[in-house]
Every structure is written in C-alpha cells, then in structure tokens.
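This report concerns only the one structure given below.
Listed below in structure tokens is the structure:
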C-alpha cells in the first residue's frame, strides 16, 4: 500500500499531533491517555481540531519506540488506558497495529472512531480493542453529505456498530448534539439505538462549539440552547437507552 | 529531549472557551483544572463524579478487559 493515498490523503505513516492525559471523556474511561492522529476521512464543518484533523502530514511519526515511551509516560501519570483518536485512527490502522504489536507493555486500548471505516478494518480490530467509542454523528445521509461531505453514511456506520458488538470489547456510542439537528439527527439515532442496540451505553455530548466552517451554516453557526444536553439525556433515557455520563 | 515529550507540548494545556451567554466550555481538561473548577463552585454537579473517578484511578483501580465485566464508577 506504500505510496497509495485515498480520500483521507494519508500515507502509510501515522503521525501523532498531540498526546495527553484527559479527564473530559466518559467518566468510566478517565483518566485516559489520548493519542491524536492527524488525518481524517470526514470533513465535518464544525470540526474542533480543524487543520490538524485533516492534514495527515502534521505531527511526529508513530513508531514503536515513541509509543512505548509515551505509554510509560502516561502510566506514570495515572492514565488507565490508551485511547486512539484523530482525526480518524482507522485510516492509520496498519501503522497503529504495527506499533502496538512491538510494545511490551500495553494498557487497555480504546478505539474512538467515526465508525465510517471498512468492514475489513473493524474485523482487524477484533480482539485488539478493549473499548470502542463510536461517534454516531448524523441521523441521516443528507445531513452527513451536507455537513461532512460523505455518502452512504448511515449504512456504513450502523453496519460497523452491529459488527463490533460481536467482539470481546465494550462499546460506547457517543453523539455530539448539533444545533438545529434534533429532529433529523438526534431523534433518528435514538430510535435506531432503541431498536438495534438498546443495551449499549449511550453518551450524549453537549459541548458543541461553532468552529471551523460552522459559521457558514445558519444552524451550525450557533451554540446549543441552554439545557439541550439535559433534555437529550432525558429523552434517550425515556426511550429506554442506557445513558451514561 | 525524550521522544515521548516531543508532541506533548499541550499535555498541560486546558482550553476554556466562554460562550456569548456566559457558558464556559472546557476541552482537554486536566485533573488539576477540574479540581480548581470544583473549588470555585463552577456550577456543574457532574464535576463531583468525575473527580471521584480520578481519585479511584489514583488508588489503583484498573479497567477490566472484557465486555462481560462492568468497569469504572459509572453505573
């Protein structure tokens, strides 16, 4: 695959543009050592990481030595796990697997993903990942196309969500509330979860900020209304979902 | 400089953004910042659970490795 580039523009080298211990994730995951890989297959208009998420040439190359040093650094500071984030880590799967395979001391692995990868990619993660954190961003293909520039979104994401439930791993489905997308995105996602994955942990994030190109969209250019997160959590809980903080 | 330190320039950086209505958004929060926000009565009652989890992690509680086990304190 060397030299070939897909839509994400990444090559065979994964690059880390930031790694740090964070405590803002779901409570059961913290303190978590996050490794941010540059490059992404989506182009979400509201992306908070902006260029660093999209440009796969930003950061230091991921090597086994770098990863082991970093893991030890995080463990010494209380990190309970290693979390791959992006951008999108799945576009760098070969490099990540190679680096982890060469490490002697690995903590539990969290794979935080947009879940818009291939079926083969997620099959490769079977038995490797301890916890998946799936960003279920859009409740329909039209919003996915308009906001993130991708087609066939819901079919791919829901296929992968169902696939990883057969893995020996935990799964947290996360949804970032988007202003003006309650009816078209949030409610359809709740309905899908209610029908297909009612036992799976569901995390609603309400820290949306109108960053990057969000100001170009009259709905995305706003902040969420006060109380939107609590309203959404109540709605999902009433639907029978297993809402977590 | 150790290789692991090179991209860690933001390891101790917490981003705070104050919205036009006064809401404060916190990204990349460190435990020290959460403790500070808790002390100044930030107004988010979820901070307590989060801080408790950090304390339990410091005491050595670790994540299990299979989906059949519950983990953490978020029940």
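Residue numbers (my numbering), protein chains in the order written: chain A, 1 to 245; chain B, 246 to 320.
Positions of the beta carbon are idealized from the N, C-alpha and C atoms, including for glycine.
Backbone secondary structure at residue i - three-state DSSP
i: residue 271/B; result: strand
i: residue 75/A; result: helix
i: residue 257/B; result: coil
i: residue 277/B; result: helix
i: residue 89/A; result: helix
i: residue 156/A; result: helix
i: residue 60/A; result: strand
i: residue 29/A; result: helix
i: residue 171/A; result: strand
i: residue 249/B; result: Reliability fails at residue 249/B, whose pLDDT of 48 lies under 50, so the model's placement of it is uncertain and no value is given.
Rounded separation between residue i and residue j - CA only
i: residue 303/B; j: residue 218/A; result: 45 Å
i: residue 259/B; j: residue 23/A; result: 10 Å
i: residue 270/B; j: residue 225/A; result: 14 Å
i: residue 95/A; j: residue 118/A; result: 16 Å
i: residue 135/A; j: residue 113/A; result: 6 Å
i: residue 315/B; j: residue 232/A; result: The predicted position of residue 315/B is uncertain, since its pLDDT is 26 and thus under 50; no value can be drawn from it.
i: residue 52/A; j: residue 205/A; result: 21 Å
i: residue 78/A; j: residue 273/B; result: 16 Å
First through last residue of the beta strand (DSSP E) which encompasses residue i
i: residue 213/A; result: Unbroken run through residue 213/A: none, as it is neither H nor E.
i: residue 243/A; result: 242-244
i: residue 135/A; result: 131-135
i: residue 192/A; result: Careful: residue 192/A lies outside any beta strand (DSSP E), inside the alpha helix (DSSP H) at 187-196.
Selection from the options that minimises the alpha carbon distance to residue i
i: residue 55/A; options: 123/A, 86/A, 209/A, 193/A; result: 86/A
i: residue 175/A; options: 163/A, 15/A, 244/A, 131/A; result: 244/A
i: residue 104/A; options: 119/A, 88/A, 68/A; result: 68/A
i: residue 109/A; options: 42/A, 82/A, 37/A, 137/A; result: 82/A
i: residue 298/B; options: 280/B, 287/B, 284/B, 286/B; result: 280/B
i: residue 147/A; options: 64/A, 158/A, 220/A, 98/A; result: 220/A
i: residue 41/A; options: 9/A, 28/A, 31/A, 230/A; result: 9/A
i: residue 62/A; options: 47/A, 150/A, 14/A; result: 14/A
i: residue 124/A; options: 188/A, 167/A, 194/A; result: 167/A
Residue i at chain A interface by Cβ criterion, 8 Å
i: residue 299/B; result: yes
i: residue 289/B; result: no
i: residue 295/B; result: yes
i: residue 276/B; result: yes
heavy atom of the ligand NAP below 7 Å from residue i C-beta
i: residue 49/A; result: Judged by which ligands are present, the structure shown has none, so any question about the ligand NAP falls away.
Bounding residues of the alpha helix (DSSP H) (the contiguous stretch that carries residue i)
i: residue 301/B; result: 292-303
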